[in-house]
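What follows is one structure encoded as C-alpha cells, with my remarks underneath.
Put into C-alpha cells, the structure is as follows:
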C-alpha cells in the first residue's frame, strides 16, 4: 500500500466516511467520492480496514454483539419496571440494565405560599430509535423506512407537594 492509501485507512477509521477520508488523506475533493469508493474496493486497502477495525474492537471492547445488546435493552425496557408512577422516582428494585436506559433525570424544587413542590422529569433513551436500528440490522423494514420522529424519549413529569419530614 502507498503512504496515501495508509493515510486513507487511518482517516476512514475516524468516521467511516470514504469521501471525507479521501479528502483528509490528501486526494482531490473534486474526485474524492469516486476515489474513496475505489480505495475501499482495493483488496489490500479493504483488508487493512478490516484488520484495523478488528484490532480497534478488541482494544475497546466494543463489539457488534455488545452494541446490539445495548440497543435491545433500550428497545425492550419497560418504563413501569424503572419509574415509580406515583412520585416519578427511579425504583430501587430497577435492575442495572434497566437504569442504564435512563437518559436524564431532572429535579426542580418550586416554592410557593402553599408549600414546596418538587418537579421531576425522568427521560428514558429513545425506545423507538433503538427498535428501528435493531429492525434495520435484522432486515425487518425493507426499503421504505421513514425517519421522522418528533420526540426523543419517554418523559415522566410529576408535580406535587413533597413531605420534607421524610
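Numbering (the numbering used here), first residue to last: 1 to 166. Just so it is clear, CB atoms sit at the ideal spot from N, CA and C, and this is done for glycine as well. Only a predicted model underlies this, so the values are computations on that prediction, with no experimental measurement involved.
Can you grab the Cα-Cα spacing for the pair residue 1 / residue 33, in whole Å? 20 Å
Any idea which residues DSSP pairs residue 110 with across the strands? 117
Which whole-angstrom value describes the C-beta separation of residue 133 and residue 71, a residue pair presumed to lie in contact below a C-beta threshold of 8 Å? 6 Å
Residue 99 to residue 120 span [Cα, whole Å]: 16 Å
Cβ of residue 95 within 7 Å of Cβ of residue 123? no
For the candidate residues 115, 114 and 101, whose alpha-carbon lies nearest to that of residue 125? 101
Check the DSSP bridge columns for residue 89 and list the partner residues they point to. 84
Measure the CB-CB distance between residue 25 and residue 52 and report whether it falls below 7 Å. no
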